[in-house]
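Everything in the sequence shown is counted per this note's numbering, starting at 55 for the first residue and increasing by one.
What follows is a single structure, written as structure tokens, with notes after it.
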Amino acid sequence: MSQKTKQVAVVGSGLVGSLLAIFLRKAGHAVTVFDRRPDIRTVEFSGRSINLAMSNRGWNALRLAGIEDEVRKLAIPLYQRAMHVVDSPVYYQKYGKEGEAIWSISRGVLNRRMIDLAEQAGVEFRFNEKVWDVDLPTARLFTGATEKGEWEEYAFDHIFGCDGAFSRIRHKMQRRSRFDYSQEFIDVGYKELTIPPNPDGTHKLDKHSFHIWPRGRFMFIAMPNLDGSFTCTLFLPFEGDISFENIRTQEQARKFFREHFPTVTPDIENLTGDFFRNPTSALVTIKCYPWTYWDKVALVGDSAHAIVPFYGQGMNAGFEDITVLTELMQRHGDDWEQVFAAYQERRKPNADAIAELSYRNYLEMSSRTADPDFLLQKKIERHFAEAHPDKWVPAYSRVTFSDRPYTEALRLGDRQESIMREVMQLPDLEKRWDSPEVTRRILELLEQQPVTLAQ
């Protein structure tokens with residue numbers, strides 16, 4: 055169902071805002087994007103980025119927008135985790151079936167390209183224009199150089215808040231009656247670091263792996279870039295014995311890397327320099343409801359559901375918001391009230407589910423990936439899934455390599471975990487983990503816990 059042309063504002067020129075603007079233009083609307091920051095194409099990156107892991111949900115949205123091929127040129131497929139465990143050789147864990155991969159993309163490089171593509175589609179961008187207020191019932195924005203100075207007023211038919219975890223648009227909605235809001239910081243922060251390429255431009259680590267150094271309460275990760283470098287992220291507690299607060303000097307930083315990450319010590323000077331040059335950032339989960347106001351304003355992406363990055367789904371979930379919105383716009387046409395109501399009803403439970411899954415994956419990545427019992431469990435699960443692909447799809451695959459609801463991945467993942475808790479109690483499991491007896495026991499437990507899939 056087609057829609058009448060509307061004047062639409064998108065607040066935020068990040069990945070979600072830029073992609074939503076492209077979809078809105080394709081639907082025939084006049085779109086203006088506002089951002090308080092300068093044009094990212096004209097500035098150096100800030101050192102606050104975690105490389106993106108594009109997966110199935112993200113590619114679906116880009117395919118619908120007609121820009122999948124353009125974005126693929128910026129990405130590197132990662133087929134496996136490379137686990138760097140202390141005093142052991144690197145070992146690899148395949149992400150999914152043969153050929154299944156997540157794709158590493160630099161956030162800054164992708165954002166610049168998305169803005170280019172949006173401009174080519176006819177979107178107007180207004181950078182360095184700070185939104186200070188929004189009148190929700192009339193969809194009017196007020197911008198200006200300062201909060202106390204003169205403001206300019208813009209009138210629109212609809213406004214989309216894509217301005218991130220600390221959204222100005224959501225802040226205004228929070229003042230309305232019966233608006234639920236929560237934010238929860240974890241006690242771990244992150245810092246961006248870099249491993250440069252070899253002199254000939256090649257990668258120093260395996261190019262098609264997501265590299266993880268799990269160390270319990272903290273960890274180090276590395277994802278490849280097209281130029282041969284790796285964007286690395288150090289996740290570390292803010293306070294405590296091993297923490298950001300206790301690494302104050304260059305020598306303390308060198309000692310930290312030598313002791314805990316010996317395989318990266320050839321780049322220790324570069325890592326140490328980045329450690330003091332780049333900011334330490336916090337990680338937050340934000341939940342709120344409702345996501346919309348009448349038929350006038352809607353929140354999309356992090357402004358509605360910021361999550362910690364440990365499932366690589368923040369961008370993918372935001373892009374899936376846009377896929378759902380577009381589907382509903384086509385179904386309900388000019389009934390924007392129905393579009394917005396159906397959008398938040400469908401997406402809110404799934405946003406809560408991926409928030410929970412993301413936090414759990416942080417615990418898994420930092421601690422359990424180095425635990426022998428956990429590794430044995432995953433080996434059993436993989437063996438069973440290969441033998442019975444119709445009966446066992448890992449939660450990671452449901453999230454990453456499908457577009458089934460996140461709620462389903464959470465529910466079925468909990469069921470699988472309860473089954474594996476019983477299986478892991480079987481005697482002499484290390485010696486007979488791939489035996490017919492173990493397989494039969496899993497089949498029995500599956501029959502005892504039947505499920506129905508979400509619609």
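Don't be surprised by glycine CBs; every beta carbon is placed ideally from N, CA and C.
What first and last residue would you give for the beta strand (DSSP E) that runs through residue i?
i           : result
residue 276 : 273-278
residue 268 : 263-268
residue 178 : 178-180
residue 147 : 145-148
residue 499 : Per DSSP, residue 499 belongs to no beta strand (DSSP E); it is in the alpha helix (DSSP H), 490-502.
residue 70  : Here residue 70 belongs to no beta strand (DSSP E); instead the alpha helix (DSSP H) covers 69-80.
residue 184 : 184-189
So what does residue i bridge to, in DSSP terms?
i           : result
residue 158 : 107 and 130
residue 216 : Looking at the DSSP assignment, residue 216 forms no beta bridge with any residue, so it has no partner.
residue 340 : 237
residue 243 : 290
residue 202 : Partner(s): none; residue 202 has no beta bridge.
residue 350 : Its beta-bridge partners do not exist; DSSP assigns none.
residue 208 : 195
residue 61  : 84
residue 135 : 147 and 264
residue 248 : 285
residue 335 : 244
Leaving out the 5 sequence neighbours to the left and right, which residues in its chain are closer than 7 Å to residue i when beta-carbon positions are compared?
i           : result
residue 509 : Residue placement at residue 509 is poorly supported in this model, since its pLDDT is 45, which falls under 50; the coordinates still yield a value, given next. Answer for residue 509: no residue qualifies.
residue 173 : 179
residue 241 : 291 and 292
residue 355 : 70, 216, 372 and 375
residue 235 : 228 and 342
residue 368 : 356 and 361
residue 314 : 269
residue 392 : 386
residue 267 : 138, 273, 274 and 315
Considering only residues of the same chain and omitting the five flanking positions on each side of residue i, which have a CB-CB separation below 8 Å?
i           : result
residue 233 : 227, 342, 343 and 344
residue 62  : 78, 83, 84, 85, 86, 210, 211, 212, 213 and 214
residue 430 : 478, 483, 484 and 487
residue 132 : 107, 149, 155, 156, 157, 158, 262, 263, 264, 277 and 278
residue 441 : 493
residue 218 : 66, 68, 355, 356, 357 and 360
Skipping 5 residues on each side, what residues in its chain have a beta carbon closer than 6 Å to that of residue i?
i           : result
residue 446 : 438 and 439
residue 502 : none
residue 363 : 104
residue 244 : 287, 289 and 335
residue 121 : 171
residue 346 : 352, 394 and 398
residue 449 : 463 and 467
residue 436 : none
residue 390 : 349
residue 107 : 156 and 366
residue 310 : 301
residue 434 : 487
List the endpoints of the continuous alpha helix (DSSP H) containing residue i.
i           : result
residue 378 : 368-386
residue 328 : 322-331
residue 228 : Looking at the DSSP string, residue 228 is not in any alpha helix (DSSP H), and its letter there is neither H nor E.
residue 312 : 304-314
residue 486 : 483-486
residue 360 : Residue 360 -> no alpha helix (DSSP H), and no H or E assigned at all.
Closer than 9 Å, CB to CB, is residue i near chain E or not?
i          : result
residue 64 : Absent from the structure is chain E; it holds one protein chain and no more.
For this session: Inspect the CB distances between the segment 245-262 and the segment 277-285 and report whether three or more fall short of 8 Å.
Result: Contact annotation: the segment 245-262 touches the segment 277-285, with at least three C-beta pairs closer than 8 Å.
Problem set entry | Cβ contact (3+ pairs, closer than 8 Å) linking the segment 105-121 and the segment 365-376 | Contact between the segment 105-121 and the segment 365-376 is present, because at least three Cβ pairs lie under 8 Å.
For this session: Quick one: which unbroken alpha helix (DSSP H) runs of 4-plus residues sit fully inside the segment 404-477? Chain order, please.
Result: The qualifying runs are 426-441, 449-454 and 460-477.
Problem set entry | Sufficient close CB pairs (3 or more, under 8 Å) joining the segment 267-277 to the segment 289-300 | A contact is defined here as three or more CB-CB pairs under 8 Å, and the segment 267-277 meets this definition with respect to the segment 289-300.
Exercise. Given 8 Å as the limit, is there contact between the segment 185-192 and the segment 153-160, that is, 3 or more CB pairs closer than that?
Worked result: Contact fails: fewer than three Cβ-Cβ distances are below 8 Å.
Exercise. Is the segment 299-307 touching the segment 316-336 in the sense that three or more CB pairs, one from each, lie closer than 8 Å?
Worked result: They touch, by the three-pair rule.
Problem set entry | Meets three-Cβ-pair contact criterion under 8 Å: the segment 159-171 and the segment 123-136 | Contact holds: three or more Cβ-Cβ distances are below 8 Å.
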